[in-house]
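Report on the following structure.
2 protein chains.
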Amino acid sequence: MRTLTAWVPVGFPDVQPGDDISSIVLDMFRFNDVAPEDHDVLIIAQKVVSKAEGSVVNLREITPTPEAKKLAAKAEKDPRLVQVILDEARAILRVRPGLIIAEHKLGFVCANAGVDHSNVGLGEDWVTVLPKNPDGFAETVRSKMEETFGVRVGVVINDTHGRPFREGAIGVAIGVAGLEPLFSYIGQPDLYGYILRASIEGVADELASTASLLQGQGAEGTPMVLIRGGRFKPGIGSLVELLREPKKDMFR
Amino acid sequence: MRTLTAWVPVGFPDVQPGDDISSIVLDMFRFNDVAPEDHDVLIIAQKVVSKAEGSVVNLREITPTPEAKKLAAKAEKDPRLVQVILDEARAILRVRPGLIIAEHKLGFVCANAGVDHSNVGLGEDWVTVLPKNPDGFAETVRSKMEETFGVRVGVVINDTHGRPFREGAIGVAIGVAGLEPLFSYIGQPDLYGYILRASIEGVADELASTASLLQGQGAEGTPMVLIRGGRFKPGIGSLVELLREPKKDMFR
């Protein structure tokens, strides 16, 4: 009987700018008396990575440009918030009252270019922006896990994104280390020997969604999840593999 | 320590048209000596539901219309396959060589309107189409679980869909019973008391993705997964809640 288990440690502290998330993660294994194993995947929520590295912005320090004011009027949003969104985005794809869909500098398409008001905890006017280098951060955690516990794990930084066609946001990977984010079945036989021609699975995103079911968005939120038993291939990995090139995207 | 566990039973048989999937599912609990519990979620792959109910098509029996032939030339696909796609779709959204993105009659936007060659096992010329009524089928399984074991579980029929912006297909729900597919955090406080205004999570899709990590697409594929410990609310549930209305969709 194959099994996948995901667990959330108890005692993950309130993260503040300047905190060392890698150390906290290592402490959680000790504190919860859990031994990580090869092929485990560690999922860490974007929010705490952003906070710890200081990827936070105080809207009171932002002076919106005329461009931001114009877009803010169209989107019915705070012009200072819209300025931060513009600073984070490399393209604005869609706008309507209450919603700006942008392509983030790192390549993700998501609401507000990842700029977010929730779970910041620094005061009413603070927002988080996406981590500067989520792949690099994932690799830092991955290598410290190997150094400290002698295990080769995958690390995924996750966020929740809305998507076209379907309601509800879901957990997705925005940073990857130690695993191949895509699992290709191309060339493999199916149950009956038919050779699969198109099946590539976004396993890093599926792992991110699995964690999201435990993390929650509210007051009970916990940023760290360990997943054991998922199907993926170890590898270097990068968020870049998950991003469709704009020119190949039929819906951009 | 909160935990989510997903397991795959051993011994799920090769499904043939006319088989009773509900009975097979009930047998799997007995055969694997697993007692289902309230709030478990049972995930069943679309492929076996389609096969069992006879939602399969032999392309040798299809005569493509001129419309299908024209689209087939554009998509560089078998005109008979394209005819089946047209029969299953209510709109064709995008076409390029090798790919047709369609809105299925049930409302999903996906490649080939869900028509699929893999894991059919009836011969080279057979394809599966989506189940006629995935919500109804999920409810049948759910009620039999309650009748037989006295437990109230959620049931999700899942498939893997590609998506805009990101590479790799992921598990999504195409039929739901016994759970609310969306989990709303709106009006709830976050960790710091900030009231969440926009967070709605597509938990049925996240459950579908979790299962997909275990199910696989290849020869080792297993259609049934039981998930324990996911965050969702029991409810009647329907795939309709997961579908964004076309006029509200900024990318259709």
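As you go down the protein sequences, you meet chains A and B in turn.
My numbering numbers the first residue of the first sequence as 982 and each following residue consecutively.
My numbering numbers the first residue of the second sequence as 982 and each following residue consecutively.
Beta carbons: idealized from backbone N, C-alpha and C, even for Gly.
Per DSSP, Arg-1133/A has no beta bridge partner at all. Chain-ordered, the chain A residues with CB closer than 8 Å to the CB of Asn-1100/B read Asp-1171, Leu-1172, Tyr-1173, Tyr-1175.
With a cutoff of 8 Å on beta-carbon distance, Gly-1156/B and Asp-1186/B are scored as not near each other.
At a cut-off of 8 Å between beta carbons, Glu-1187/A contacts chain B. Taken in chain order, the unbroken stretches of alpha helix (DSSP H) that lie wholly in the segment 1102-1171 of chain A and span 4 residues or more are 1115-1130. For Asp-1008/A, the closest Cβ of chain B is not nearer than 8 Å. Within chain B, the residues placing a beta-carbon under 9 Å from that of Pro-1145/A are Val-1090, Arg-1144, Pro-1145, Phe-1146, Arg-1225, Asp-1230, Met-1231, Phe-1232, Arg-1233, ordered along the chain. Per DSSP, the unbroken alpha helix (DSSP H) holding Thr-1191/B starts and ends at 1184-1196. With its beta carbon less than 8 Å from one in chain B, Arg-983/A belongs to the interface. Counting along the chain, Met-1205/A sits inside the beta strand (DSSP E) bounded by residues 1205-1209. Taking Phe-1118/A as the centre and dropping the five residues before and after it, the same chain places the C-beta of Val-1030, Pro-1112, Ile-1138, Gly-1156 closer than 7 Å to its C-beta, in chain order. Take Val-996/A, set aside five residues on each side of it, and the residues of its chain with a beta-carbon closer than 6 Å to its own are Val-1029, Lys-1032, Ala-1033, in chain order. Counting only residues of its own chain and dropping the five nearest sequence neighbours on each side, Leu-1177/A has a CB closer than 8 Å to the CB of Tyr-1166, Ile-1167, Gly-1168, Gln-1169, Pro-1170, Asp-1171. Listed in chain order, the positions of the segment 1194-1212 of chain B with a beta carbon within less than 8 Å of a beta carbon of chain A are Leu-1194, Leu-1195, Gly-1197, Gln-1198, Gly-1199, Ala-1200, Gly-1202, Thr-1203, Gly-1210, Gly-1211, Arg-1212. With respect to the 8 Å criterion, Val-1006/B and Val-1122/B are classified as neighbours on the basis of their beta carbons.
Counting along the chain, Ile-1081/A sits inside the beta strand (DSSP E) bounded by residues 1080-1085. Counting along the chain, no alpha helix (DSSP H) covers Ala-1179/B, and no H or E run does either. Closest by C-alpha distance to Ser-1003/A, out of Arg-983/A, Thr-986/A, Ala-1026/A, Leu-985/A, is Ala-1026/A. For Leu-1163/A, the residues of chain B that pass the 9 Å Cβ criterion are Glu-1148, Gly-1149, in the order they occur in the chain. Proximity of Glu-1120/B to chain A, defined by a Cβ-Cβ separation below 8 Å, is not satisfied. For Arg-1123/A, there are no C-beta contacts with chain B under 9 Å, since the nearest C-beta of that chain is about 19 Å from it. Taking 7 Å as the cut-off between beta carbons, none of the residues of the segment 1032-1050 of chain A comes near chain B.
Within the same chain, Ala-1150, Ile-1151, Gly-1152, Val-1153, Ser-1193, Gln-1198 come within 8 Å of Thr-1141/A by CB-CB distance, once the 5 residues on both sides are set aside. For Ala-1054/B, the enclosing alpha helix (DSSP H) starts and ends at 1047-1056. By the neighbour-count definition (other C-beta atoms within 10 Å, threshold 16), Met-1009/A is a buried residue. Ile-1066/B sits away from Ile-1043/B, with the two beta carbons spaced by 8 Å or more.
Under DSSP, Val-1065/B takes part in no beta bridge, so it has no partner. Flagged as an interface residue toward chain B: Thr-1191/A, by a C-beta distance shorter than 8 Å. For the set Trp-1107/A, Glu-1222/A, Leu-1207/A, Tyr-1175/A, the Cα lying nearest the Cα of Asp-1097/B is the one of Tyr-1175/A.
Neighbours of Ser-1180/A in chain B, taken as residues at a C-beta separation under 9 Å, are given in chain order as Ser-1099, Thr-1141, Ala-1150, Gln-1198, Gly-1199. The continuous beta strand (DSSP E) containing Ala-1072/B extends over residues 1070-1077. With contacts defined by Cβ atoms closer than 8 Å, Val-989/A and Leu-1160/A do not form a contacting pair.
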